[in-house]
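Report on one structure; see the data block that follows.
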Amino acid sequence: MKTPARTAIIAGNWKMNFGPLQAATFAGEILSDLVPLVEASSHIISIICPPAISLAAVQHAMREQYHQRIELGAQNMYFEEKGAFTGELAPSMVSELCTSVILGHSERRAYFGESDELVNKKTLAALRHGLRPIVCIGERPDQYDAGQTREVIASQSLHSFGRLPAEHVKEVVIAYEPIWAIGTGKAATAEGAGEVISYIRQLFGEMYGDEAALAVRILYGGSVTSDNIGEFMAHPDIDGALVGGASIKPDFVEIVRKTIETVGM
Ligand code: 13P
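Heads up, the sequence shown is in numbering that gives the first Met the number 0, so the first residue is 0 and it goes up one at a time.
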């Protein structure tokens with residue numbers, strides 16, 4: 000069941016698109032529409048996640064067109080506090096600019112070898128630094144075809160967001176992103192995604208108790224657009240979306256608009 004405490008989240012994962020100059024321009028454009036929209040509904044948070052090098056540029060644009068429920072997120076970070084880790088970002092650095100951080104995206108798992116264990120360390124580090132981790136899980140196409148979705152999800156859940164400190168479990172956001180739906184234009188059905196998301200909520204309850212399961216927000220990701228967001232949001236267990244391709248287009252604003260139509264003012 001959706002509860003009023005579970006404020007909807009529409010997050011835009013820009014992936015490796017828009018350096019600082021383009022990011023500033025695009026952020027400026029969408030913020031002029033997003034700010035009045037988000038202003039009108041207290042039931043939604045929008046999180047923009049540009050590439051790391053563009054975070055400061057987008058933060059600058061956000062200061063000029065400010066709303067407290069439009070937040071900045073990073074796409075990744077390392078778990079160590081500082082030191083000789085060339086090319087990495089420490090949690091304390093990310094938390095200077097961002098409220099949130101996407102962790103364990105399937106692209107990081109597939110192309111950069113990230114394991115559930117690494118994602119777990121990053122999740123714990125994010126929570127220690129007051130960052131909201133958006134932890135991604137989801138099955139591959141071959142696992143989906145073989146009917147292994149639940150097995151894969153159970154294992155990823157246990158190992159990616161296990162061992163969380165009790166006082167922080169409600170701050171975690173989970174994104175269910177079936178890999179076969181990412182960037183393919185073939186979104187899951189709301190019913191199919193909802194079924195897996197309800198299962199993730201059940202698993203979370205087994206790990207952290209009923210109260211935590213009611214509070215945790217679980218998003219769907221994979222070919223979300225303004226045409227299908229309404230169906231996903233209508234499902235009682237789906238609390239929002241992690242949007243890829245459509246987040247670097249004006250359609251992102253329409254996705255937020257349609258979400259507000261569902262969650263109300
Ligand atoms: P698309 O919306 O482009 O399918 O990407 C989803 C995604 O990977 C968001 O993290």
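Think of the CB as a built atom: it goes at the ideal place given N, C-alpha and C, for glycine as much as any other residue.
query                                                                                                : result
Length of the line joining the Cα atoms of ALA189 and TYR219                                         : 9 Å
First through last residue of the beta strand (DSSP E) which encompasses PRO132                      : 131-136
Beta-carbon proximity check, SER105 vs GLY137, cutoff 8 Å                                            : yes
Segments of 4+ residues assigned as alpha helix (DSSP H) that fall wholly inside the stretch 130-174 : 140-144, 148-159
Given GLN155 as reference, the closest of PRO177, LYS185, GLY243 once Cα atoms are compared          : PRO177
Coarse secondary structure for ILE237, derived from DSSP in three states                             : coil
Given ALA192 as reference, the closest of LEU241, ALA245, SER45 once Cα atoms are compared           : LEU241
Contact belief for GLU80 with ALA73 at Cβ below 8 Å, rounded distance in angstroms                   : In fact, because the Cβ distance is near 16 Å, the residues do not count as touching under 8 Å.
Any non-hydrogen atom of the ligand 13P within 7 Å of GLU95 CB                                       : no
Beta bridge counterpart(s) of GLU70 as assigned by DSSP                                              : ILE46
Integer-rounded CB distance, given that PRO49 should sit under 8 Å from ALA22                        : 5 Å
Reduced DSSP category for ILE9 - H, G, I as helix; E, B as strand; rest coil                         : strand
Under 8 Å between C-beta atoms of ILE69 and SER45                                                    : yes
Identity of the residue in ASP209, PRO235, THR258, GLY208 nearest VAL223 by Cα                       : THR258
TYR65 - DSSP class collapsed to helix/strand/coil                                                    : coil
Nearest residue (CA-CA) to GLY112, options GLY103, GLU38, ASN119                                     : GLY103
Bridge-paired residues (DSSP) for ARG216                                                             : VAL172
LEU102 in three-state terms, based on DSSP                                                           : strand
contact_flag[the stretch 198-217, the stretch 166-180] where n(CB pairs < 8 Å) is 3 or more          : yes
Beta-carbon proximity list for ARG256, same chain, < 8 Å, skipping 5 on both sides                   : LEU36, SER225
Beta-carbon proximity of PRO249 to ILE43, cut-off 8 Å                                                : no
Residue nearest to GLU150 in terms of C-alpha spacing, selected from THR122, ILE199, GLU116, GLU38   : ILE199
7 Å CB neighbourhood of ALA60 in its chain, flanking five on each side removed                       : ALA23, ALA26, GLY27, LEU30
Under 8 Å between C-beta atoms of MET232 and ALA39                                                   : no
Within 8 Å, strictly: CB atoms of ASN12 and GLY243                                                   : yes
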